[in-house]
Structures are given as C-alpha cells and as structure tokens.
Amino acid sequence: QVTLKESGPALVKPTQTLTLTCTFSGFSLSTSGMRVSWIRQPPGKALEWLARIDWDDDKFYSASLKTRLTISKDTSKNQVVLTVTNMDPVDTATYYCARIPPNGVYFDYWGQGTLVTVSS
Amino acid sequence: QSALTQPRSVSGSPGQSVTISCTGTSSDVGGYNYISWYQQRPGKAPKLMIYDVSKRPSGVPDRFSGSKSGNTASLTISGLQAEDEADYYCCSYAGSYTWVFGGGTKLTVL
C-alpha cells in the first residue's frame with residue numbers, strides 16, 4: 001500500500017525558509033524510474049507544480065520558482081525534502097507531495113497535504 | 001507557463017453527462033499525450049481519474065473518460081452521480097520535465 005505524508009511548520013514568517021518533509025511507504029525511491037514531486041495549492045486556488053526528484057537524484061524545478069526551491073531525498077529514510085527560501089504571504093498554500101510511477105507522466109498517489117501560512 | 005484554461009463551473013442532473021474542457025497550447029496539451037485529470041473533494045487530496053489522455057487507473061468507474069483534440073483535452077463523466085460532485089483539475093506535461101495544471105472546474109450535481 002502506497003502512502004505519502006507531508007510534515008512541516010504550519011506557520012512561517014515572511015523572509016524565512018520553509019522546510020517540508022514527505023515521508024512515504026509502499027515504494028522505494030531507489031527503484032529505477034521512481035519519482036516524487038511537490039505540488040501546492042493556495043486556498044481556493046488551483047494546483048501548481050513545484051519540483052520533482054528522481055530515483056537517480058536528478059532534480060527539476062518550476063521555472064518561476066527555481067531560484068527559491070531545493071528538493072532532496074534520503075532514500076534510507078524514505079523521505080523527500082523541499083525547501084523554499086524567502087517565504088512571502090503569497091506562498092500560503094497547502095503543499096502536497098505525490099508519486100510519479102516508473103514510465104508514468106502523472107501523479108498516481110498523493111499525500112494528504114500540509115497547510116503552510118506565511119504571516120508575521 | 002500559464003495555467004491551462006478550464007471552465008470555472010459545470011453542472012448536470014443525475015444520470016446526465018457533462019464534459020469539462022481544458023485548453024492549453026502546442027507547448028503543453030497539444031504537444032504531448034500526457035494529459036491527466038484529478039478529482040478533488042473539499043478538504044481532500046487530489047485523486048487521479050485519467051492519465052495519458054484516456055486511460056483509467058484501476059478502481060475508477062468507466063463513467064469517466066478522457067479525450068484530446070489539438071490543444072484541448074476533455075473529461076466526460078456520463079451517468080452523473082451525486083458522489084461525482086467535486087473540483088476537477090486537468091494537468092499536462094509541458095516539456096523540460098515540468099507540468100502545468102488547469103485552473104480547476106467545480107462540478108455541481110443538481
């Protein structure tokens with residue numbers, strides 16, 4: 001059974017760095033072709049793809065946020081970490097991690113999401 | 001990349017069919033057969049309903065179908081049921097290992 005769960009602070013101040021952790025089970029990021037992405041959704045708004053990390057440690061980022069995002073993995077802990085620097089109130093959103101299966105170009109399993117509010 | 005264009009809302013009565021459109025460009029929807037659709041109920045995570053334009057994951061009813069023509073993809077739900085009421089998002093691969101989502105469509109079952 002594949003599960004993913006996001007964790008991190010619920011509240012951050014403007015200009016701070018956000019660090020989110022996605023802890024997953026039911027699959028391994030060392031499996032060839034496996035990938036995990038981060039996606040966010042501001043309250044009442046649409047989904048926005050942020051970043052992806054692959055089994056071979058390749059990393060890809062949204063062009064509009066590339067300078068502020070870093071994605072990494074700890075395969076032994078079954079975790080993927082996303083950091084977002086210089087947080088702003090417009091970054092207030094529910095942040096999801098999702099799995100991309102081998103040979104797939106879609107997100108087949110999602111975490112429950114974690115709401116991050118940026119406010120002083 | 002700009003978000004894909006979806007109607008803000010659609011509605012239908014139980015048993016009817018509804019179609020949700022998703023319009024992009026030749027750089028995303030029109031350029032790849034990697035369209036996926038997600039159902040999101042209030043307060044819940046998105047759920048994969050369609051991938052690769054028209055394929056259904058195991059467990060998704062065959063009332064849900066997908067198609068694409070040019071720069072526009074479509075999700076059709078036939079035999080509408082009350083449980084289908086939710087927000088629906090399209091998503092397209094956009095090249096360079098990136099994805100773009102639609103703005104979302106609220107489906108109301110009358």
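Chain order of the listed sequences is A and B.
First residue of the first sequence: 1, per this note's numbering; consecutive thereafter.
First residue of the second sequence: 1, per this note's numbering; consecutive thereafter.
Cβ atoms here follow ideal geometry from the backbone N, Cα and C, with glycine treated the same way.
Predicted model, so just to flag it, every value in this text is computed and none were measured.
Neighbourhood of residue i by C-beta, 8 Å cutoff - its chain only, sequence neighbours within 5 removed
i: Phe107(A); result: Ser37, Ile39, Ala98, Arg99 and Ile100
i: Ser120(A); result: Lys13 and Pro14
Residues near residue i by beta carbon distance below 6 Å, same chain, minus five either side
i: Asp91(A); result: Val118
i: Lys106(B); result: Ser9 and Asp87
i: Ser74(B); result: Thr19, Ser21 and Ser67
i: Pro7(B); result: Thr105
i: Gly103(B); result: Ala3 and Gln6
i: Pro57(B); result: Leu48
Distance cut-off 7 Å: residue i Cβ against heavy atoms of the ligand FAD
i: Thr114(A); result: Among the components modelled here there is no ligand, and therefore nothing to report on the ligand FAD.
Cross-chain neighbours of residue i in chain B, by beta carbon under 7 Å
i: Trp110(A); result: Ala45 and Pro46
Residues of its chain near residue i, where Cβ-Cβ distance is below 7 Å and the 5 sequence neighbours each way are ignored
i: Asn71(B); result: Thr23, Gly24, Thr25, Ser26, Val29 and Gly30
i: Asp52(B); result: Asn33 and Tyr34
i: Gly33(A); result: Trp55, Pro102 and Asn103
i: Thr19(A); result: Gly8, Val81 and Thr83
Contacts that residue i makes with chain B (C-beta to C-beta distance below 8 Å)
i: Ala46(A); result: Ala3, Tyr89, Phe101, Gly102, Gly103 and Gly104
i: Tyr106(A); result: Tyr34, Ser36, Leu48, Tyr51, Asp52 and Cys91
Residue i - partner residues in DSSP beta bridges
i: Gly66(B); result: Leu75(B)
i: Gly24(B); result: Note: Gly24(B) sits in no beta bridge, so no partner.
i: Glu6(A); result: Cys22(A)
i: Leu69(A); result: Val84(A)
i: Glu85(B); result: Answer is none; Glu85(B) lacks a bridge partner.
Closer than 8 Å to chain A by CB, residue i
i: Pro57(B); result: yes
i: Ser27(B); result: no
CB contact below 8 Å: residue i versus chain B
i: Gly113(A); result: yes
i: Thr52(A); result: One point to set straight first is that residue 52(A) is Arg, not Thr, in the sequence displayed. By this cut-off, Arg52(A) is an interface position.
i: Trp49(A); result: yes
i: Tyr96(A); result: yes
Closer than 9 Å at the beta carbon, the chain B residues around residue i
i: Val60(A); result: Rather than Val, the amino acid found at residue 60(A) in this sequence is Phe. Residues of chain B passing the Cβ test: Ser96, Tyr97 and Thr98.
message: Taking 8 Å as the cut-off, does the segment 28-35 of chain A touch the segment 9-17 of chain B (at least 3 CB pairs, one atom from each stretch)?
response: Touching, no, given that fewer than three Cβ pairs across the two stretches are closer than 8 Å.
- prompt: So, do the segment 86-105 of chain B and the segment 33-40 of chain B have three or more beta carbon pairs nearer to each other than 8 Å?
  reply: yes
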